[in-house]
Amino acid sequence: MKLNRKVLSAYPPDPNNDSFTKLQQLHMSVSSEERPMSCVQQRFLNQRSPCWPTGKRRQSGNLNPAVLPLDWLLGTWQSDEPGEGSFPSISPFRYTETLHFSHVGQPIINFMFNAFHAESKKPLHRECGFIRLQPGSNKVAFIIAQNSGLVEIEEGELTGQQLTLRSTSLARTSFAKEPYVQQISRHIHMKPDGRLEQTVSMALEGQPLTQHLHVTYRRTD
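Take 1 as the starting number for the sequence shown in full-length UniProt numbering and just add one per residue.
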């Protein structure tokens, strides 16, 4: 909303003119709200990754009908209690995590997962990617890039508000640490109380598929 200065000039600066005073106050209020972003703010936004979530600013247009069955995921979710992480080859740990699911009107859902150690607050795993649904079916695919250097495709089924997935393709950087991840499975579902629950299992070389992560979330927006 912008007010034309010519409109203001049509009213003489009469201290007894209530209309002029109110219009002038409105102009000052609107002008202060429309100040341009600082160079630092603009630079930060420009450098953000294309798949980095920015909340409602990324929700351009209506949700594509192709992904309407996934609308229950949209928004930001925060772990309500620290999640539990474990695996035979590592010490158990607790973590907090934020999930963000968004869309830009395309037939995909964008997502970003950020996890932190519950005690030290150090960043842990980060995952960024996209969700696709096969038209005319309940077949779903997650395309995921992890900060560990692992890239994966998980495929499975959407049943109501429940996703069951298993990795079908894994790729990694040439200098990734051993032992290599051989398989990942993921189960996400909406609980009756409105919380979201996620369980992730993985298999390494010489280690069968074993539960690795478990956490529940509450929607924050």
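In this text, a Cβ means the ideal position worked out from N, Cα and C, and glycines have one as well.
I'd like to confirm the pairing. Which residues does DSSP put opposite Q157 in its beta bridges? At residue 157 the sequence reads Glu, which differs from the Gln that was named. BP columns for E157 point to K139, T164.
Whole-angstrom distance between L163 and G105, CA atom to CA atom: 22 Å
For E152 and I143, the rounded distance between their alpha carbons: 6 Å
Which residue from K191, T199, H103 puts its Cα closest to that of N62? H103
I need the DSSP call for P92, collapsed to helix, strand or coil. strand
Helix, strand or coil: which one does DSSP assign to A176? coil
Please confirm whether A118 and R132 have their CB atoms less than 7 Å apart. no
Give the DSSP-derived three-state secondary structure of residue 223 in the structure shown. No information on residue 223 is available, as it lies outside the stretch 1 to 221 that the chain covers here.
Integer-rounded CB distance, given that E127 should sit under 8 Å from H214: Wrong, their Cβ atoms sit about 16 Å apart, outside the cutoff.
Where does P65 fall in DSSP's three states? helix
For H103, does the three-state DSSP call read helix, strand or coil? coil
Among Q182, K191, P65, which has the Cα closest to the Cα of I109? P65
Could you compute how far the alpha carbon of G206 sits from the alpha carbon of P69? 38 Å
If distances are taken between C-alpha atoms only, which option among F130, F87, S86 comes closest to F101? F130
Nonlocal neighbours in the same chain, by C-beta distance under 6 Å from V200, ignoring five residues either side: R186, H212, L213
Buried or exposed (CB count within 10 angstroms, at least 16 for buried), M202: buried
If I measure Cβ to Cβ from F113 and keep anything under 6 Å in the same chain, skipping five residues before and after, which residues do I get? L99, E127
Grab me the residues of S79's own chain with a C-beta within less than 6 Å of its C-beta, minus the 5 sequence neighbours each way, in chain order. T96, E97, V215, Y217
Use the C-beta contact count for S137: other C-beta atoms within 10 angstroms, 16 or more gives buried, fewer gives exposed. exposed
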